[in-house]
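Inspection log for the structure reproduced underneath, given as structure tokens.
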Amino acid sequence: MGKTDPLMSRLTRATRPGLRRAGLWRLAGELLWPLQAACLAAVIGGWATGKGTEPLALAGVLAAGILRSLAEARAQGLAARTAAAALEALRAELLETEAARLDRSLSSGTFAALVVQKLPALRRYLARYRPARIRVAVIPPVLLGLSGACSWAVAVILALAGPLIPVFMALVGMAAKEASARQMAELGNLTTLLTDRLAMLQDIRLLGAAERTARDFATRAETLRARTMEVLRIAFLSSTVLELFSAIGVAMVAVYVGFSLLGELNFGAWATPLTLSEGIFVLLLAPSFFQPLRDLAAAWHDKAEAEAVAAEIDALTAASADAIPGGIAPAPALPGPAALSFRGVRLRRGAALVDIPDFEARPGTLTVLSGPSGRGKSSALMAAMGLLAPEAGRIEAAGRPLTAETAPGWRARIAWLPQAIHMPGESLAAFLDPRGRRGDMAAALRRAGARDVVAHLPGGLAARLGESGTGISGGEARRLLLARAIAMSPELVIADEPTADLDAATAAQVIAALEGLAAGGATVIAASHDPALAAAGREVAL
Numbered sequence: 078m079g080k081t082d083p084l085m086s087r088l089t090r091a092t093r094p095g096l097r098r099a100g101l102w103r104l105a106g107e108l109l110w111p112l113q114a115a116c117l118a119a120v121i122g123g124w125a126t127g128k129g130t131e132p133l134a135l136a137g138v139l140a141a142g143i144l145r146s147l148a149e150a151r152a153q154g155l156a157a158r159t160a161a162a163a164l165e166a167l168r169a170e171l172l173e174t175e176a177a178r179l180d181r182s183l184s185s186g187t188f189a190a191l192v193v194q195k196l197p198a199l200r201r202y203l204a205r206y207r208p209a210r211i212r213v214a215v216i217p218p219v220l221l222g223l224s225g226a227c228s229w230a231v232a233v234i235l236a237l238a239g240p241l242i243p244v245f246m247a248l249v250g251m252a253a254k255e256a257s258a259r260q261m262a263e264l265g266n267l268t269t270l271l272t273d274r275l276a277m278l279q280d281i282r283l284l285g286a287a288e289r290t291a292r293d294f295a296t297r298a299e300t301l302r303a304r305t306m307e308v309l310r311i312a313f314l315s316s317t318v319l320e321l322f323s324a325i326g327v328a329m330v331a332v333y334v335g336f337s338l339l340g341e342l343n344f345g346a347w348a349t350p351l352t353l354s355e356g357i358f359v360l361l362l363a364p365s366f367f368q369p370l371r372d373l374a375a376a377w378h379d380k381a382e383a384e385a386v387a388a389e390i391d392a393l394t395a396a397s398a399d400a401i402p403g404g405i406a407p408a409p410a411l412p413g414p415a416a417l418s419f420r421g422v423r424l425r426r427g428a429a430l431v432d433i434p435d436f437e438a439r440p441g442t443l444t445v446l447s448g449p450s451g452r453g454k455s456s457a458l459m460a461a462m463g464l465l466a467p468e469a470g471r472i473e474a475a476g477r478p479l480t481a482e483t484a485p486g487w488r489a490r491i492a493w494l495p496q497a498i499h500m501p502g503e504s505l506a507a508f509l510d511p512r513g514r515r516g517d518m519a520a521a522l523r524r525a526g527a528r529d530v531v532a533h534l535p536g537g538l539a540a541r542l543g544e545s546g547t548g549i550s551g552g553e554a555r556r557l558l559l560a561r562a563i564a565m566s567p568e569l570v571i572a573d574e575p576t577a578d579l580d581a582a583t584a585a586q587v588i589a590a591l592e593g594l595a596a597g598g599a600t601v602i603a604a605s606h607d608p609a610l611a612a613a614g615r616e617v618a619l
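At position 244 of the sequence shown (counting the first as 1) the number is 321 in my numbering, and the numbers step up by one without a gap.
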């Protein structure tokens, strides 16, 4: 997303054609109302005077009503589709942008709240506020002119009462924007808390912290309720005042017309006294004069809410974050042997620079990067996958320099075993066979020592574990990840602390499986503190 181009201006340009058409359709429908009102006034005037124009005028009322309904339906459909398409594109862009970052500027809960709960505020802004601006620019002046053609006094009343609505709307808008920003921030905080606590649900139960967690939720929920009520108070207060202004304007027109028709007022009309048809006509136009202003005032809260969300998105996209070299789009596998070499590589780890010893990993070998925490093991693995560009030195993959151009194809050949466990919301069978090869799953589970893990799960391979692997231990989850790697028949396996937090027997199973992958011709690279794993392969001390 463009960092120098604010979101609101981008959305305005992207949706301008569709929303302009929607506004014009709505405008066409509303401009039919004066014709319908004139026909209705003629019906009442003809009935009262006995001139017999009712059938023709009634036909005009019916025809104008049907055309207005069709135009309104067309306008609403266009506005809804345009806004939905813009939001769908924006949501996809946000997901792609966040997925392509090496570092995450938002927690998963906050980001989920943004793309799921907050983006609809932009839809309301696009579908309501933007078309309302078009109507305000045309409808009130047209109705003011038509009313003035019948009575200059009515025109003066409308001209004095009408501007009070946008003036008050602007004053309320400043408070509404601040309140909406606070509400949106609290909504993100509550979603983040929910996501974090769900991820730690098992630990919360073990530590007996359920009551404290419930209190935390209650506190956050109460804060969100207070923020929401603050927004609603402003909305209801502004609506009340705006309705008051419009009601006073309509009432003053009604009083003038009533007393004029009774003969008590002899001014305000042009050459002749105000007739019954003219009086009814301006009475019918008066509420419609205020309606676009009232709609714009109501949509002003949508604008304030949308600006708060847009500011959050702009801040997210403006935040500095390193993009994944080569992007995340699928790419064909990089040809050549699954060999990797580091020569004079220096990596940046935060503010520090880390020198990586020269090493070469070839097919059929197990290479173990060892050393204390902070020496750059994880950074070296990221560089090995083309996720981190070196500050100095040269990394070669499959006999070619590992650059942003070759990194996507190189990553297509890698099976990655992370230390942190994240599982998608799909069946275990789908998780273990991500490339749909339908290989020997039983053999992969056996080699990883994970057959018993699957056997004890409700539903076996049909089980859904959730993002944090709910229902299994860390060691069991790591063995499932290893079985997944084996089932992929990878040419290159990269593992980060594959034996961390495992008992000796389970760690031995994992080490044996990694050795088996290397013996089968795969290139295996692991980062580990485990002396047993380091002894099983060629150690590179950092």
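Using N, Cα and C, we set each Cβ at its ideal position, and we do this for glycine too.
{"query": "Closest to Ser450 by C-alpha separation, out of Ser224, Leu199, His606, Leu235, would be which residue?", "result": "His606"}
{"query": "Excluding sequence positions up to five away, which residues of its chain have a Cβ less than 6 Å from the Cβ of Leu241?", "result": "Phe322"}
{"query": "Can you tell me whether Phe344 is helix, strand or coil according to DSSP?", "result": "coil"}
{"query": "Return the residue from the list Leu301, Gly614, Ala157, Ala527 that minimises the CA-CA distance to Gln586.", "result": "Ala527"}
{"query": "For Ile571, list the residues DSSP reports as bridge partners.", "result": "Trp493, Ile602"}
{"query": "If you draw a straight line from the C-alpha of Ala604 to the C-alpha of Pro575, how long is it?", "result": "8 Å"}
{"query": "Is Leu171 helix, strand or coil by DSSP?", "result": "helix"}
{"query": "Taking only the alpha-carbon atoms, compute the straight-line gap between Ser315 and Ser504 and give it to the nearest angstrom.", "result": "51 Å"}
{"query": "Please go through the same chain and pick out, in chain order, the residues whose beta-carbon is closer than 6 Å to the beta-carbon of Gly100, but skip the five residues on each side of it.", "result": "Pro208, Ile211"}
{"query": "Check the C-beta distance from Ala136 over to Ser354 and give it rounded, since I have them as a contact under 8 Å.", "result": "Contact flag wrong, Cβ pair sits at about 17 Å."}
{"query": "Which class does Glu107 belong to by DSSP, given the choice of helix, strand or coil?", "result": "helix"}
{"query": "Which of helix, strand or coil does DSSP assign to Glu255?", "result": "helix"}
{"query": "For the beta strand (DSSP E) that contains Ala438, what are its first and last residues?", "result": "436 to 438"}
{"query": "On the DSSP letters alone, give me the boundaries of the beta strand (DSSP E) that Val445 sits inside.", "result": "443 to 447"}
{"query": "Could you give the residue range of the alpha helix (DSSP H) that holds Val587?", "result": "581 to 596"}
{"query": "Flag this pair as yes or no: are the beta carbons of Ala105 and Ala141 separated by less than 7 Å?", "result": "no"}
{"query": "Taking 7 Å as the threshold (C-beta atoms), are Leu594 and Gly552 in contact?", "result": "no"}
{"query": "According to the neighbour-count rule (16 or more other Cβ atoms, all chains shown, within 10 Å of its Cβ), is Gly335 buried or exposed?", "result": "exposed"}
{"query": "Please check the pair Glu568 and Ala408, which I expect to be a contact at CB under 8 Å, by giving their CB distance rounded to whole angstroms.", "result": "The Cβ separation is near 15 Å, so there is no contact."}
{"query": "Specify the secondary structure class of Ala611 as computed by DSSP and reduced to three states.", "result": "helix"}
{"query": "Buried or exposed: Pro412, going by 16 or more other Cβ atoms within 10 Å of its Cβ?", "result": "exposed"}
{"query": "With a cut-off of 8 Å on the beta carbons, I'd call Leu267 and Ala114 a contact; round off their distance for me.", "result": "Contact flag wrong, Cβ pair sits at about 49 Å."}
{"query": "Cβ of Val590 within 7 Å of Cβ of Arg524?", "result": "It is worth fixing the name first, because residue 590 is Ala in this sequence and not Val. Yes; because the gap between Cβ atoms is below 7 Å, this pair is in contact."}
{"query": "Taking only the alpha-carbon atoms, compute the straight-line gap between Ala577 and Arg426 and give it to the nearest angstrom.", "result": "22 Å"}
{"query": "Taking just the CA atoms, how far does Trp229 sit from Phe344?", "result": "9 Å"}
{"query": "Using the DSSP secondary-structure output, state which residues sit across from Arg425 in a beta bridge.", "result": "Leu430"}
{"query": "Please determine, among Leu393, Tyr202, Ala376, Glu482, the residue with the shortest C-alpha to C-alpha distance to Ile401.", "result": "Glu482"}
{"query": "Hey, Leu417 and Arg423 are a contact pair by Cβ (cut 8 Å); roughly how many whole angstroms apart?", "result": "Between Arg423 and Leu417 the Cβ distance is about 17 Å, and since that is not below 8 Å, they are no contact."}
{"query": "Taking its Cβ as the centre, do 16 or more other Cβ atoms sit within 10 Å of Phe313, making it buried, or is it exposed?", "result": "exposed"}
{"query": "Could you tell me which of Ala161, Leu109, Ala163 sits nearest to Val138, measuring between CA atoms?", "result": "Leu109"}
{"query": "Is the separation between the beta-carbon of Trp102 and that of Arg151 shorter than 7 Å?", "result": "yes"}
{"query": "Name the two residues that bound the continuous beta strand (DSSP E) containing Ile472.", "result": "469 to 474"}
{"query": "Could you tell me the distance, in whole angstroms, from the CA atom of Arg259 to the CA atom of Ala190?", "result": "14 Å"}
{"query": "Which ranges would you report for the beta strand (DSSP E) in the stretch 263 to 305 if only whole runs of at least 3 residues count?", "result": "none"}
{"query": "Which whole-angstrom value describes the C-beta separation of Val359 and Ser224, a residue pair presumed to lie in contact below a C-beta threshold of 8 Å?", "result": "5 Å"}
{"query": "Could you tell me which of Arg371, Leu284, Pro440, Thr89 sits nearest to Val628, measuring between CA atoms?", "result": "There is no way to answer for residue 628, as the model of the chain reaches only from 78 to 619."}
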